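K.L.:
Have a look at this one.
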Amino acid sequence: MLLRHTPKEITDRKILTINPAKTCQPIGAMYAALGIHNCLPHSHGSQGCCAYHRSTLTRHYKEPVMAATSSFTEGASVFGGQANLVQAIDNIFTIYEPDVIAVHTTCLSETIGDDIPQIARKAEADGKIPPGKYVIHVNTPSYVGTHVTGFAGMTKAMVDYFAESAGKKINQINIIPGYVEPSDMEEIRRIAEVMGVRTVLFPDTSGVLNRPQTGKYDMFPPGGVTVEALKSTGNSQATIALGQLASGPAARALDSKCKVPCEILDLPIGLKATDRFVDTLRRTAGTDVPDTINIERGRLLDIITDMHQYFYGKKVALAGDPDQLIALTEFLVSIDMWPIHIVSGTVDKDFQARIKEITQYVPHPVNVGIPGDLFLLHQWIKNEPVDLLVGNTYMKYISRDEDIPLVRFGFPVLDRIGHGYFPTVGYRGGMRLLEKILDVLLDRQDRDAKEESFELVM
Amino acid sequence: MSATVFDERRNQIHRKGDTPFDLACDKDSLAGAVSQRACVFCGSRVVLYPIADALHLVHGPIGCAAYTWDIRGALSSGPELHRLSFSTDLRERDIIFGGEDKLYRALIELIDRHAPQAAFVYSTCIVGIIGDDLEGVSRRVEKEKGIPVIPVQSEGFKGNKRAGYHAACRAMFRLTGSGGTSAISAKSINILGDFNLAGELWIIRRYYERMGIEVVANVTGDGRVADLQRAHGAALNVVQCSGSTMDLAKMMQAEYGTPFLRVSYFGVEDMAESLYTVARFFEDLDPEIVSRTRELVKEELESLYPELEKYRSALAGKKAAIYVGGAFKAFSLIKAFRLVGMDVVLVGSQTGTKEDYQELYEITDRGTVIVDDTNPLELSSFLQDRHVDVFVGGVKERPIAYKLGVGFCDHNHERKTVLAGFQGMLNFAKEVHSSVMSPVWRFVPRHTTNSTPGSEEPASVPERLTAAGGA
Ligand code: SF4
Ligand code: SF4
């Protein structure tokens, strides 16, 4: 029992986080920045943070993850990091030659109070930023927010720094996909394409963190949204933002900066949320839903129909980020499962109310922990066991100790592959999620069945 | 093809045979470089983390704790407290008003609930800036709870990983000297510098036990607080991997007069030599010990060599590159590769010292490239340039090697099998073999040129690009 040190009895805990269901802002900012074409994320702080963020992203994607650091030493932490950042900007543009350096701060540089825009202006004045190249930034102290807000912040920075309005709208729609996998971004773009909608999707990590093996190492892979496309977002007809927390700030910024109206939807995970996404796309772009999409929807529905007895009344415990959890919970409830323990380390003021609303007809009390951690989730499970766990790799401890099957979902997934390549958004993503859920539930049923009731056909 | 390097880094790269050897090292990383280095906190955390019955509380914002949650597969035969992640999760309020109160209450709560044998409190960068008095809080809790509460001064910006090792050693040193030592044999040692990844410390411990030596404390693999407290009772400290626990050995020598020996458990030669060195140390007390050790080594080798031969014949003449955290590990790796007939064409480390590099220089072949604190661009151009077949590195280097179609062996946190000891040599050969000989490389176009931005458009940055080592 790896987590034998977790007691069943729950005591009040305000000062401590044990086994976090979140991580810090910069990694989210780094991930978002990787979704810009020819961009080098830059961590303004000591090199430890940057090493950790790169390692964690590398473990999750099994891809090289490039990011530079200001490499603070004691001097910088006393006198400020201006010299380091100016030198870094110079070095990076000289040797690595990105189009964009996307700077995020760390706890350290925030606490000593470095002013990034001012330093960037200094670098510009000193001629360290070549023409046509950009330095953008977001403030990401980790004592505020989590990886999700870091992602949201860098996505908003793309709007703040690049979006321009020429006064004349062009025939395209912005889609902000939220803190999802490269495969999800690809799928969202595909759905829009199939529907005949011209889009700018940002950030876009597909083709960056799910690259093919080519025998080559490209520091800047072919994927990512280009600066040009980002500039054009100010002229788009509308913005569809997926996920309140991760995409909302960028969408609203685009609205106020360039008067591009936005609709902020849930992540399109599961039947209903995908319906809403597809419908919004259809309405906004004035297109029809083609057969391809209808067929995909029909197939998802078909799986639910065929297997609905297996879902019925199964209790689920979930951990992850609010945007994902809202959509997932809705999906699970819609197929008759009972999500009864839900935690997130990320605070979202509407979360509790949304979950309560979604689960109001679940015939079981529902625990919502926000901010919560996996230690709390485990304690809840000890008190009220579940049939299924959904969450990141760190849930495998609970899974093993309590002997409950786990579907890996969210960030980080350090011990399985697939998330970079196969989406969980859209109707097809829904099918994959159901396959994963059914696989573990039915494997469990097979494993536990008595010999006489071991079934061939299920 | 030439390697892409920063001008400022030119003297941190050397190709043996070109010019007199004078490698610059122990430098702070260049701002803006994609360095593969980690921080002080990381160094402390990886060294102390395997002490399984201690509480490890990270005082800082959540990230530092989240990224070090059970990252190293350091096995414990008993308690598993070290595999939980405890953090004070500092928020904005705490940054403004200080986090001492929070730290105090967190410690009290955790000690009450988990009854650990000791508590380590790690400071992170921000704690160094806001100036929380870790010592003060620790002393107070120690008095109230009656267990050692030890602050680990590991603010990340105060150096690199090696400074973190030092902080960890200082912390452990505070534990030594307090336990009873009367029952300890005169033929006794502490094992320093093995972290029981994949259970390798257990193997090493058994060798010593077979030699008739008592092992007092494991530092730190499968470590226990009480063992550390008695560690000063051991007759000898046997230190592996100079970087991480050497400082503890030095402190113990100064304080208790405990002598130490440097050893390496990696590779057949070094493994055997280590056991002999320790045996010779105790020869006066136990004249039979050397012959017993010889017997042990013979037994192990007899079963190992025929097995190893299978891999040797397949691997002979293949090329290896090494980039590891501490240089000491590189010495053993070079010998191990020789044993299976492979050539080491590149070797480097994140934190090597002047002496380390001198030693590397002496044991490598002509033409071998030696680097300090490198970055992905350099690495990838070296890997291609030197037609490397297998690369030994850490987590951030693995995907780079794979993208280039080069085999890989993790000799760090993510190793999955025992690589130490005689058995470990076989596992190592097996692992290298499984990667080098994988059929997957037949499907990958290997060693194609034009794959770094620098080499694609040399014209745009001519004066800052230099050909490393005259390649
Ligand atoms: S210091 Fe802050 S930014 Fe760096 S790893 Fe820790 S929490 Fe994250
Ligand atoms: S904040 Fe400091 S201690 Fe924490 S990971 Fe970053 S460099 Fe290391």
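Chains as they are written, first to last, in my numbering: chain Y, 981 to 1438; chain P, 95 to 565.
The beta-carbon is built from N, C-alpha and C at its ideal position, and this holds for glycine as well.
Remember, it's a predicted structure, so these values are computed and weren't measured experimentally.
Mapping the DSSP letters down to three states, classify PHE376 of chain P as helix, strand or coil.
P.N.:
Residue 376 of chain P sits at position 282 when you count from the first residue of the second sequence. The answer is coil: DSSP assigns PHE376 of chain P none of H, G, I, E or B.
K.L.:
Would you list the one or two residues that DSSP bridges to GLU308 of chain P?
P.N.:
Numbered from its first residue, the second sequence carries residue 308 of chain P at position 214. GLU308 of chain P is bridged to P:SER282.
K.L.:
Could you tell me which chain Y residues have their CB closer than 9 Å to the CB of THR182 of chain P, listed as they occur along the chain?
P.N.:
Along the second sequence, read from residue 1 onward, the residue named residue 182 of chain P stands at position 88. Going along chain Y in sequence order, the residues near THR182 of chain P (Cβ under 9 Å) are ILE995, LEU996 and THR997.
K.L.:
Going by beta carbon distance, what residues of the same chain come within less than 8 Å of LYS1102 of chain Y, once the five residues before and after it are set aside?
P.N.:
The residue labelled residue 1102 of chain Y in the question sits at position 122 within the first sequence. So the list reads GLN1062 and VAL1066, once near-sequence residues are dropped.
K.L.:
Would you mind giving the Cβ-Cβ distance between VAL153 of chain P and VAL235 of chain P, rounded to the nearest angstrom? I have them listed as a contact below 8 Å.
P.N.:
To locate residue 153 of chain P, count along the second sequence from 1; it is residue 59. To locate residue 235 of chain P, count along the second sequence from 1; it is residue 141. According to the sequence provided, residue 153 of chain P is His. The question's Val does not apply to it. That belief does not hold up - the Cβ atoms of HIS153 of chain P and VAL235 of chain P are roughly 12 Å apart, past 8 Å.
K.L.:
Please report the residue range of the alpha helix (DSSP H) in which ILE1069 of chain Y lies.
P.N.:
Locating residue 1069 of chain Y in the first sequence gives position 89, counting from the first residue. Segment 1062-1071, the alpha helix (DSSP H) holding ILE1069 of chain Y.
K.L.:
Helix, strand or coil for HIS1084 of chain Y? Go by DSSP, reduced to three states.
P.N.:
Along the first sequence, one-based indexing puts residue 1084 of chain Y at 104. HIS1084 of chain Y falls in the strand class under three-state DSSP.
K.L.:
Tell me, please, which residues DSSP counts as bridged to HIS153 of chain P.
P.N.:
For the purposes of this step, residue 153 of chain P is taken as the residue at position 59 of the second sequence. The partner list for HIS153 of chain P (beta bridge, DSSP) reads P:SER217.
K.L.:
List the residues of chain Y that CYS263 of chain P touches, going by C-beta distances under 7 Å, in chain order.
P.N.:
Stepping through the second sequence from its first residue, residue 263 of chain P is reached at position 169. In chain order: nothing, as chain Y lies at least about 19 Å away.
K.L.:
Starting from ILE107 of chain P, follow its DSSP beta bridges and name the residues at the other end.
P.N.:
Residue 107 of chain P sits at position 13 when you count from the first residue of the second sequence. BP columns for ILE107 of chain P point to P:VAL465.
K.L.:
For GLU1166 of chain Y, does the three-state DSSP call read helix, strand or coil?
P.N.:
Reading the first sequence from its first residue, position 186 is the one you call residue 1166 of chain Y. DSSP places GLU1166 of chain Y in helix when its eight states are reduced to three.
K.L.:
Counting Cβ pairs closer than 8 Å, one from the stretch 1217-1228 of chain Y and one from the stretch 1243-1258 of chain Y, do we hit at least three?
P.N.:
In short, these stretches touch, since the Cβ pair count reaches three.
K.L.:
Mind reading off the beta-carbon distance from ALA1048 of chain Y to MET1010 of chain Y? Whole number of angstroms is fine, and I expect it under 8 Å.
P.N.:
For this step, residue 1048 of chain Y is matched to residue 68 along the first sequence. For this step, residue 1010 of chain Y is matched to residue 30 along the first sequence. Actually they do not touch by this definition, with Cβ atoms about 11 Å apart.
K.L.:
With respect to 6 Å, is the separation between the Cβ of GLY250 of chain P and the closest non-hydrogen atom of ligand 2 below this value?
P.N.:
Locating residue 250 of chain P in the second sequence gives position 156, counting from the first residue. Flag set: Cβ of GLY250 of chain P near ligand 2.
K.L.:
Secondary structure at ARG166 of chain P, three-state DSSP: helix, strand or coil?
P.N.:
Here residue 166 of chain P is taken as the residue at index 72 of the second sequence, counted from 1. In this structure, ARG166 of chain P counts as coil in the three-state DSSP scheme.
K.L.:
Sorry if obvious, but does the Cβ on PHE425 of chain P come closer than 6 Å to a heavy atom of ligand 2?
P.N.:
In the second sequence, counting from the first residue as 1, residue 425 of chain P sits at position 331. Answer for PHE425 of chain P: no, Cβ out of range of ligand 2.
K.L.:
Starting from the C-beta of SER545 of chain P, find all residues in its chain whose C-beta is less than 8 Å away, skip the five residues before and the five after it, and write them out in chain order.
P.N.:
As a first step, residue 545 of chain P must be located in the second sequence, where it is residue number 451. Interpretation of SER545 of chain P is limited by its pLDDT of 40, a score under 50 that renders its predicted location unreliable; the figure taken from the coordinates is listed afterwards. Here the set comprises SER474, GLN478 and LEU498.
K.L.:
Can you tell me whether GLY253 of chain P sits near ligand 2, meaning its C-beta is under 6 Å from at least one heavy atom of the ligand?
P.N.:
On the second sequence, position 159 is the one that residue 253 of chain P refers to. No, ligand 2 has no heavy atom inside 6 Å of this Cβ.
K.L.:
Under 7 Å between the Cβ atoms of MET1165 of chain Y and SER1186 of chain Y?
P.N.:
As a working note, residue 1165 of chain Y is residue 185 in the first sequence. As a working note, residue 1186 of chain Y is residue 206 in the first sequence. For MET1165 of chain Y and SER1186 of chain Y, yes; Cβs fall inside 7 Å.
K.L.:
Tell whether a beta-carbon distance below 7 Å holds between GLY1130 of chain Y and GLY1008 of chain Y.
P.N.:
Here residue 1130 of chain Y is taken as the residue at index 150 of the first sequence, counted from 1. Here residue 1008 of chain Y is taken as the residue at index 28 of the first sequence, counted from 1. Their beta carbons are under 7 Å apart, which means GLY1130 of chain Y touches GLY1008 of chain Y by this criterion.
K.L.:
Using C-beta distances below 6 Å, list every residue in its chain close to ALA1082 of chain Y, excluding the 5 sequence neighbours before and after it, in chain order.
P.N.:
One-based indexing of the first sequence puts residue 1082 of chain Y at position 102. These residues qualify, in order along the chain: ALA1013, CYS1019, PRO1021 and ILE1116.
K.L.:
Kindly indicate which three-state DSSP category CYS136 of chain P falls into: helix, strand or coil?
P.N.:
Along the second sequence, read from residue 1 onward, the residue named residue 136 of chain P stands at position 42. Helix.
K.L.:
Does THR542 of chain P come within less than 7 Å of chain Y when only Cβ atoms are used?
P.N.:
Here residue 542 of chain P refers to the residue found at position 448 of the second sequence. At THR542 of chain P the pLDDT is 43, less than 50, meaning the model places this residue with poor confidence and gives no usable figure here.
K.L.:
Find the residues of chain P that neighbour THR1038 of chain Y, judging by a C-beta separation of less than 8 Å, and give them in chain order.
P.N.:
To locate residue 1038 of chain Y, count along the first sequence from 1; it is residue 58. Here the neighbours are VAL489, LYS490, ARG492 and PRO493.
K.L.:
Look at the alpha carbon of TRP1318 of chain Y and the alpha carbon of VAL489 of chain P, and state the distance between them as a whole number of angstroms.
P.N.:
Within the first sequence, the letter at position 338 stands for residue 1318 of chain Y. Within the second sequence, the letter at position 395 stands for residue 489 of chain P. One C-alpha to the other measures close to 38 Å.
K.L.:
Could you check whether the Cβ of SER129 of chain P sits closer than 6 Å to any heavy atom belonging to ligand 2?
P.N.:
Start at 1 with the first residue of the second sequence, and residue 129 of chain P comes out as number 35. No - ligand 2 has no heavy atom lying nearer than 6 Å to the Cβ of SER129 of chain P.
K.L.:
Using 6 Å as the cut-off, classify the Cβ of SER1089 of chain Y as near or not near the heavy atoms of ligand 1, replying yes or no.
P.N.:
In the first sequence, counting from the first residue as 1, residue 1089 of chain Y sits at position 109. No, Cβ of SER1089 of chain Y sits at least 6 Å from all heavy atoms of ligand 1.
K.L.:
With a cut-off of 8 Å, do at least 3 Cβ pairs link the stretch 1388-1404 of chain Y to the stretch 1356-1365 of chain Y?
P.N.:
At 8 Å Cβ cutoff, the stretches do not touch.
K.L.:
Cβ of SER181 of chain P versus every heavy atom of ligand 1: is any distance shorter than 6 Å?
P.N.:
Position 87 of the second sequence, counting from 1, holds the residue named residue 181 of chain P. No, the beta carbon of SER181 of chain P sits no closer than 6 Å to any heavy atom of ligand 1.
K.L.:
In or out: GLY1133 of chain Y buried (at least 16 other Cβ within 10 Å) or exposed?
P.N.:
Residue numbering aside, residue 1133 of chain Y sits at position 153 when the first sequence is read from its first letter. So GLY1133 of chain Y ends up on the buried side.
K.L.:
Which residue comes first and which comes last in the alpha helix (DSSP H) that contains HIS985 of chain Y?
P.N.:
Locating residue 985 of chain Y in the first sequence gives position 5, where the first residue counts as 1. Per DSSP, HIS985 of chain Y belongs to no alpha helix (DSSP H) and is neither H nor E.
K.L.:
The beta strand (DSSP E) spanning GLY420 of chain P covers which residue range?
P.N.:
The residue given as residue 420 of chain P occupies position 326 in the second sequence. Segment: none, GLY420 of chain P is in no beta strand (DSSP E) and carries neither H nor E.
K.L.:
Taking the alpha helix (DSSP H) that ASP437 of chain P falls in, what are its first and last residues?
P.N.:
Residue numbering aside, residue 437 of chain P sits at position 343 when the second sequence is read from its first letter. That residue, ASP437 of chain P, is in no alpha helix (DSSP H); its beta strand (DSSP E) goes 437-443.
K.L.:
In chain order, what residues of the same chain lie with their CB nearer than 6 Å to the CB of SER282 of chain P, ignoring the 5 residues before and after it?
P.N.:
Sequence index remark: in the second sequence, residue 282 of chain P carries index 188 (1-based). Closer than 6 Å at Cβ, skipping near neighbours: GLU308, VAL310, ALA328 and ALA329.
K.L.:
Just to confirm, is the Cβ distance from ASP288 of chain P to GLN334 of chain P under 7 Å?
P.N.:
Here residue 288 of chain P is taken as the residue at index 194 of the second sequence, counted from 1. Here residue 334 of chain P is taken as the residue at index 240 of the second sequence, counted from 1. Closer than 7 Å, so yes.
K.L.:
On a Cα-Cα basis, can you pick out the residue from P:MET531, P:ARG324, P:LEU369 and P:TYR370 that is closest to TYR350 of chain P?
P.N.:
Here the question's residue 350 of chain P lines up with position 256 in the second sequence. When only C-alpha atoms are compared, the closest one is P:ARG324.
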